[in-house]
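Written out as structure tokens, the structure reads:
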């Protein structure tokens with residue numbers, strides 16, 4: 013069964029450094045998402061992406077964040093200058109159609125900012 | 813804006829006992845409702861979803877949920893749990909008719925099955 017994959021599984025970085033989290037969505041999916049979960053808190057929506065542009069973003073997704081689909085298979089989340097409070101589990105998801113279609117989630121990348 | 817409340821952060825249950833995980837939501841418009849499960853060190857997996865029609869929805873692994881519009885609830889139930897059901901369970905909603913489908917999650921309920 014096709015699945016969403018994410019790399020790396022765990023990323024440790026120093027405050028102020030740039031990080032890129034990578035995701036490979038399911039191949040025939042058209043809508044892509046990033047969510048994050050700070051330890052002990054709920055899963056929060058960050059951004060959705062369709063047709064090579066952002067569809068919606070949350071207030072968390074400020075100028076330090078960006079997303080890109082560079083090559084038709086990868087979907088990346090970049091944090092330009094990481095802060096301590098960016099430490100979280102980051103989940104990528106995708107679905108084929110909006111509305112009723114199930115979002116399929118990847119296993120997540122745990123980001124630790126020191 | 814929508815919000816989701818899962819009333820129990822942790823639920824311990826004995827094996828083969830029934831379980832109910834509670835979820836209430838708030839929204840000014842009609843919504844779709846979901847339950848996702850997260851096993852240790854894995855991503856989120858869909859258990860079941862309510863889109864329309866029958867208010868009783870059956871999902872994978874013997875789980876079911878009932879949509880109650882008047883009480884704005886979508887509680888998850890299983891008549892007899894197994895050790896393998898130990899996981900974190902998330903209730904989520906998305907609004908009808910929006911573009912790309914943003915999910916709003918509850919805080920999660922950790923289900924622990926004791927032998």
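Chains as they are written, first to last, in my numbering: chain A, 13 to 126; chain B, 813 to 927. Virtual Cβ for every residue (Gly too), placed ideally from N, Cα, C.
The ligand SAM heavy atoms versus the CB of residue 875 of chain B: any closer than 7 Å? Among the components modelled here there is no ligand, and therefore nothing to report on the ligand SAM.
Just the C-alpha distance for residue 870 of chain B and residue 898 of chain B, rounded to the nearest angstrom, thanks. Counting from 1 along the second chain, the entry for residue 870 of chain B is found at position 58. Counting from 1 along the second chain, the entry for residue 898 of chain B is found at position 86. Straight-line Cα distance between these residues: approximately 19 Å.
Ordered along the chain, which non-local residues of its own chain (more than five positions away) have a Cβ less than 8 Å from that of residue 55 of chain A? Position 43 of the first chain, counted from the start, is the residue given in the question as residue 55 of chain A. Result list for residue 55 of chain A: 47, 48, 49 and 103, in chain order.
Would you call residue 914 of chain B buried or exposed, if buried means 16 or more other Cβ atoms sit within 10 Å of its Cβ? For the purposes of this step, residue 914 of chain B is taken as residue 102 along the second chain, with counting starting at 1. Buried, by the Cβ-count rule.
In this structure, does DSSP put residue 868 of chain B in helix, strand or coil? By 1-based counting over the second chain, the position of residue 868 of chain B is 56. If DSSP states are grouped into helix, strand and coil, residue 868 of chain B belongs with the strands.
Compare the C-beta of residue 110 of chain A against all C-beta atoms of chain B and say whether one is closer than 8 Å. Your numbering for residue 110 of chain A matches position 98 in the first chain. By this cut-off, residue 110 of chain A is an interface position.
Is residue 119 of chain A close to chain B? Criterion is C-beta to C-beta, closer than 8 Å. Along the first chain, read from residue 1 onward, the residue named residue 119 of chain A stands at position 107. By this cut-off, residue 119 of chain A is an interface position.
Among A:118, A:89, A:117 and A:23, nearest to residue 74 of chain A - alpha-carbon criterion: Position 62 of the first chain holds residue 74 of chain A. Selected option, being the one with the closest Cα: A:89.
Take residue 22 of chain A and list the residues in its own chain whose beta-carbon comes closer than 6 Å to its own, dropping the five residues that flank it on each side. Within the first chain, the letter at position 10 stands for residue 22 of chain A. Around residue 22 of chain A: 122.
Verify the CB distance criterion: does residue 879 of chain B have a CB-CB separation below 8 Å to chain A? Mapped onto the second chain, residue 879 of chain B falls at position 67. Answer no: the Cβ-Cβ gap between residue 879 of chain B and chain A never drops below 8 Å.
Applying the 10 Å Cβ sphere with the 16-neighbour rule, what's the burial state of residue 110 of chain A? As a working mapping, residue 110 of chain A is identified with position 98 in the first chain. With 16 or more other Cβ atoms within 10 Å, it is buried.
Given residue 924 of chain B, which residues of its chain have a CB within under 8 Å of its CB, disregarding the five upstream and five downstream residues? Indexing the second chain from 1 puts residue 924 of chain B at position 112. Answer for residue 924 of chain B: 822, 823, 824, 825 and 898, listed in chain order.
Which of helix, strand or coil DSSP assigns to residue 68 of chain A: Residue mapping note: residue 68 of chain A aligns to position 56 of the first chain, counting from 1. Three-state DSSP puts residue 68 of chain A in a strand.
Kindly indicate which residue of B:839, B:845 and B:830 has the alpha-carbon position closest to the one of residue 879 of chain B. For this step, residue 879 of chain B is matched to residue 67 along the second chain. Ranking B:839, B:845 and B:830 by Cα distance to residue 879 of chain B puts B:845 first.
With 16 other Cβ atoms within 10 Å as the buried cut-off, status of residue 126 of chain A: Counting from one through the first chain, the residue named residue 126 of chain A turns up at place 114. Its Cβ having fewer than 16 others within 10 Å, residue 126 of chain A is exposed.
If you pair each beta-carbon of the segment 831 to 840 of chain B with each one of the segment 32 to 42 of chain A, do three or more pairs fall below 8 Å? no
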